[in-house]
Amino acid sequence: MKHFYLVIFFFVCALGFSQESTSSSDIDGFKLYPNPVTQGKVYIETAENAPKQILIFDVLGTQVLQTTILGKELNLSKLNKGVYILRVFEGNKMATRKLIVK
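Taking full-length UniProt numbering, I'd label the letters of the sequence shown as residues 1 to 102.
Shown next, in the form of C-alpha cells:
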C-alpha cells in the first residue's frame, strides 16, 4: 500500500511540474515569426511595440548576439545554421523562445 501512495505522489508531482505556467513577466502579445528563420530576418511583435533588447545564445549558453531593435525586424544573417535561445526584454518584462536558423 505504501508503494501505491508513493507512485501517486510522484505522479501528482510530475503532473504539477509538467504544466506550462503563465509567467506574469512574459511580454504581452509576443509573436516571433518566421521560426525557423530561412531568409536571415525574423520579426518580433509585441502589444506595446516598444524598443526591445535582444540577446541570443547558442545551445552551449554562449551569447552570440546582443542588440536593441526599435521596430519589428531583426537581422540574423550573420548567425550560422542551428538552434538558439532568444531572450527579449521590453520594459520590465522578458520572453524567452527557441529560435531555429536554417
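For every residue, glycine included, the Cβ atom is placed at its ideal position computed from N, Cα and C.
If you're wondering where the values come from, they're calculated on a predicted model, not measured in any experiment.
Nonlocal neighbours in the same chain, by C-beta distance under 6 Å from residue i, ignoring five residues either side
i, result
"Glu90", "Ile27, Thr46, Ala50 and Lys52"
"Phe30", "Thr46 and Ala95"
Three-state class that DSSP yields for residue i in the structure shown
i, result
"Val64", "strand"
"Ala95", "strand"
"Asp28", "coil"
"Lys78", "coil"
Proximity of residue i and residue j at Cβ, strictly below 8 Å
i, j, result
"Asp58", "Gly82", "yes"
"Leu76", "Val101", "yes"
Reference residue i; option with closest CA among the options
i, options, result
"Ile85", "Val64, Pro34, Tyr33 and Glu48", "Val64"
"residue 103", "Arg97, Lys98 and Lys93", "Absent from the model: residue 103. The displayed extent of the chain is 1 to 102, so no value can be given."
Neighbourhood of residue i by C-beta, 8 Å cutoff - its chain only, sequence neighbours within 5 removed
i, result
"Asn80", "Val101"
DSSP bridge partner residues for residue i (one or two, in chain order)
i, result
"Lys52", "Ile69"
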